[in-house]
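For reference, the structure discussed in these notes is given below.
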Amino acid sequence: MTAVAVEQRWRRRLERRKAFGRLFVAACQAATLLGLVFLAVLLVDVVRDGAGYLRPERITNFPSRFPQQAGYASALVGTLYVAGIMSLIAFPVGVAAAVYLEEYAPPGRLTRLLEVNIANLAAVPSVLYGLLGLELFVVGMRMGKSVLAGALTLALLVLPLTILSSREAIRAVPFSVREAAYALGATRWQVVRHHVLPYAAPGILTGTILSLSRAVGETAPLIMLGALQYVPFLPRGVLDYFTVLPIQIFNYVSLPNPEFHRVAAAGILLLLAVLLALNGTAIWLRNRARIRW
Amino acid sequence: MGRGRRAERWLERALAASALLSVVVTVAIVAALAFETVQFFRLPLDAANPRLVSVRADLQRFREARPDLVGRPRELVREFFTETTWSPLYSNKRFGVLPLVAGTVLTSTIALGVAVPLGLLAAVYLSEFAPDSVRARVKPALEVLAGIPTIVYGYFALTFVTPFLQDHVFGSALAGQNALSAGLVMGIMILPLVSSLSEDVMRAVPLDLRYGAYALGATRMEVAVRVVVPAALSGIAAACVLALSRAVGETMIVALAAGQSPNWTANPLETVETITAFIVQVSLGDTPYGSVEYRTLFAVGMLLFAGTFVMNVLSVRVVQRFRERYL
Chain A
75 MTAVAVEQRW
85 RRRLERRKAF
95 GRLFVAACQA
105 ATLLGLVFLA
115 VLLVDVVRDG
125 AGYLRPERIT
135 NFPSRFPQQA
145 GYASALVGTL
155 YVAGIMSLIA
165 FPVGVAAAVY
175 LEEYAPPGRL
185 TRLLEVNIAN
195 LAAVPSVLYG
205 LLGLELFVVG
215 MRMGKSVLAG
225 ALTLALLVLP
235 LTILSSREAI
245 RAVPFSVREA
255 AYALGATRWQ
265 VVRHHVLPYA
275 APGILTGTIL
285 SLSRAVGETA
295 PLIMLGALQY
305 VPFLPRGVLD
315 YFTVLPIQIF
325 NYVSLPNPEF
335 HRVAAAGILL
345 LLAVLLALNG
355 TAIWLRNRAR
365 IRW
Chain B
49 MGRGRRAERW
59 LERALAASAL
69 LSVVVTVAIV
79 AALAFETVQF
89 FRLPLDAANP
99 RLVSVRADLQ
109 RFREARPDLV
119 GRPRELVREF
129 FTETTWSPLY
139 SNKRFGVLPL
149 VAGTVLTSTI
159 ALGVAVPLGL
169 LAAVYLSEFA
179 PDSVRARVKP
189 ALEVLAGIPT
199 IVYGYFALTF
209 VTPFLQDHVF
219 GSALAGQNAL
229 SAGLVMGIMI
239 LPLVSSLSED
249 VMRAVPLDLR
259 YGAYALGATR
269 MEVAVRVVVP
279 AALSGIAAAC
289 VLALSRAVGE
299 TMIVALAAGQ
309 SPNWTANPLE
319 TVETITAFIV
329 QVSLGDTPYG
339 SVEYRTLFAV
349 GMLLFAGTFV
359 MNVLSVRVVQ
369 RFRERYL
């Protein structure tokens, strides 16, 4: 074969390779787009089903046998109640654990074990936390299917997430800050309390808000603890029965009457609004308090 | 030693205790599951104990339904792992867990079939082809998919995807609750897990490798597929295993859209029940502590825990074993 023929063949092949590449990029773009299209269809579908039912009664009314009157009052209050108590338990413990692992823990096998363990816990299916809550809190500690048992169960569920995100925030504080404080004679706790934590605070807060929104959307673990079909009252104390938004939505979806599906869709809109507010706050915090070192 | 010092030491201990709490939680989960699982396999022994049976109605029912098991725990173990009928909530009471395992495997396989190809293509696009401005917007938008509560996906699979597939593709061959819709929607849910983690590892592949391939005359696609993807393979594999573990443990989508009747089948058009959906089904009813139903909850829970735990350990191992190191 002459040199010219070889070059011609190579050029033809190059064209083919490039054309194949363009096809491949198109496929990649299509795959990316598909995920976004799915998200859009999901949101449009929920809004279409639920918008007509999104009326004040959904917020003020208790569950009912009549779809027109069925509402989420006890579920909304239950969600607030459970999420609030959960935050009080999970976040101090989570941040303390993160501070220990980042600032105190000596490198070694024990620390390694703690880290591996936390990573594994974060991957345990949430429904198993429900089984733990059932055995430990509901039965073992005789709390019954109460707000407190629900809050404790969710606290255990979000603990690994809180620890992981708080550690990231603490790790982002540069070492020069700590060294400067040590040079001035600060003790370890003083360095943490006056220098590391203030700088890490926005990051920690962002992470905790995201864990909170995870807890608010969780259904499975709480079904084991508070899946009462019908809670026609607001929980008054921490040992009262309760229901939360996702469970109430689940109950309405499970009913055969299709009108209840639209009540469920309205509940989903309420739930998404709560999550949007939480995530919006987290993003706003992150952008406002970003420090460039 | 001053008072300040001592206070500092106590503080350090308090912080260490918080960190140790995570170990306590792990131990508690394993202990609760293991204890109740043993109680489950002890059912034949409890049913053989006349004093227990005389006060416990559920043990009486167990005795009446399965006289062949009374006093023979080994037989229950064999049945649990090898038989294909699961009906502990009904009067005939069979304890072969395989239909639940089949339902879990079926829905998770469909989910991975969606999430792995789409997630990988999306990751290649975001890491190798997309301009920075596009990536900065598309990546968080995809991650929104992971933040949507699973109950919302369940609603969508049941009230939109299934009717849509019935109307346009399968007709009445598709059951109202089926493995296909649940699996498809679950696949979209775990898509950002695959795409984000894979994109991160692809971006971590050093530019030098890409330059080397370009210098040899490779096209952009050849660089992406033959250089970047193989170099990032350990991370990609880990992402896929994590996604699988998420799909296996996912509960609300399958409870709503896949159904609640155990079915020993590989047909995605049929109603199936997963391990997690069974746990939800039992929890919706009344399950007094120690009853037959209560014990089955933990026995299948233990199976779920063991499965996901193996997968999580595997994903860490995969990364360590197959990591390509670049200096």
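Quick note, the sequences are listed as chains A and B, same order.
Each residue of the first sequence is one higher than the one before, starting from 75 at the first, in the numbering used here.
Each residue of the second sequence is one higher than the one before, starting from 49 at the first, in the numbering used here.
Just so it is clear, CB atoms sit at the ideal spot from N, CA and C, and this is done for glycine as well.
Which residues share a DSSP beta bridge with residue i?
i: B:PHE143; result: B:TRP134
Should residue i be flagged as near chain B, meaning a C-beta pair shorter than 8 Å?
i: A:TRP358; result: no
i: A:THR317; result: no
i: A:GLN103; result: yes
i: A:THR227; result: no
i: A:PHE112; result: yes
i: A:LEU206; result: yes
i: A:VAL173; result: yes
i: A:SER250; result: no
Taking buried to mean at least 16 other C-beta atoms within 10 Å of its own C-beta, is residue i buried or exposed?
i: A:ASN331; result: exposed
i: A:HIS335; result: buried
i: B:ASN226; result: buried
i: A:TRP358; result: exposed
i: B:TRP13; result: Since the first and last residues shown for chain B are 49 and 375, residue 13 of chain B lies out of range.
i: A:PHE316; result: buried
i: B:VAL75; result: exposed
i: A:PHE98; result: buried
i: B:GLY349; result: buried
i: A:LEU222; result: buried
i: A:TRP84; result: exposed
i: A:GLN143; result: exposed
i: A:ARG310; result: exposed
i: B:GLN368; result: exposed
i: A:VAL167; result: buried
i: B:ASP94; result: buried
i: B:THR335; result: buried
i: A:GLN82; result: exposed
i: B:PRO278; result: exposed
i: A:PRO137; result: buried
i: A:GLY124; result: buried
i: B:ARG104; result: buried
For residue i and chain A, any beta-carbon pair shorter than 8 Å?
i: B:PRO321; result: First, the residue type needs correcting, since residue 321 of chain B is Glu and not Pro in the sequence shown. Chain A, which has no Cβ nearer than 8 Å to the Cβ of B:GLU321, makes this no.
i: B:ARG268; result: yes
i: B:SER246; result: no
i: B:GLU341; result: no
i: B:ALA280; result: no
i: B:PRO115; result: no
i: B:ALA238; result: Checking the displayed sequence, the identity of residue 238 of chain B turns out to be Ile instead of Ala. Output row for B:ILE238: interface = no.
i: B:VAL153; result: no
i: B:SER331; result: yes
i: B:PRO179; result: no
i: B:PRO121; result: no
i: B:THR130; result: no
Would you kindly report the start and end of the unbroken alpha helix (DSSP H) that includes residue i?
i: A:ASN191; result: 183 to 196
i: B:ALA303; result: 300 to 305
i: A:GLN264; result: 262 to 265
i: A:GLY124; result: 77 to 124
i: A:PRO320; result: 319 to 328
i: A:GLU253; result: 249 to 257
i: B:TRP58; result: 51 to 89
i: B:THR207; result: Counting along the chain, B:THR207 falls outside any alpha helix (DSSP H), and DSSP gives it neither H nor E.
Would the region 284 to 292 of chain A count as touching the region 129 to 144 of chain A if we require 3 or more Cβ pairs under 8 Å? no
Is it the case that the region 243 to 256 of chain B contacts the region 210 to 224 of chain B, given that we only count it when at least three CB pairs across the two stretches are under 8 Å? no
So, do the region 292 to 301 of chain A and the region 200 to 208 of chain A have three or more beta carbon pairs nearer to each other than 8 Å? yes
Pairs of beta-carbons, one from the region 146 to 161 of chain A and one from the region 308 to 326 of chain A, closer than 8 Å: are there three or more? yes
Using 8 Å as the Cβ pair cut-off and three pairs as the minimum, do the region 201 to 211 of chain B and the region 153 to 170 of chain B touch? no
Mind the definition here: the region 253 to 272 of chain A touches the region 224 to 235 of chain A only if three or more C-beta pairs lie below 8 Å; say whether that holds. no
At a cut of 8 Å, does the region 351 to 367 of chain B reach the region 197 to 206 of chain A through at least three beta carbon pairs? yes
Could you tell me whether the region 326 to 343 of chain B touches the region 170 to 179 of chain B, using the rule of 3 or more Cβ pairs below 8 Å? no
Please confirm if the region 310 to 323 of chain B is in contact with the region 212 to 220 of chain A, defined as three or more CB-CB distances below 8 Å between the two stretches. no
Using a Cβ distance threshold of 8 Å, determine whether the region 318 to 330 of chain B contacts the region 146 to 161 of chain B, with at least three qualifying pairs required. yes
With a cut-off of 8 Å, do at least 3 Cβ pairs link the region 179 to 189 of chain B to the region 275 to 292 of chain B? no
Pair every Cβ in the region 190 to 198 of chain B with every Cβ in the region 115 to 128 of chain B, then say whether three or more of these pairs are closer than 8 Å. no
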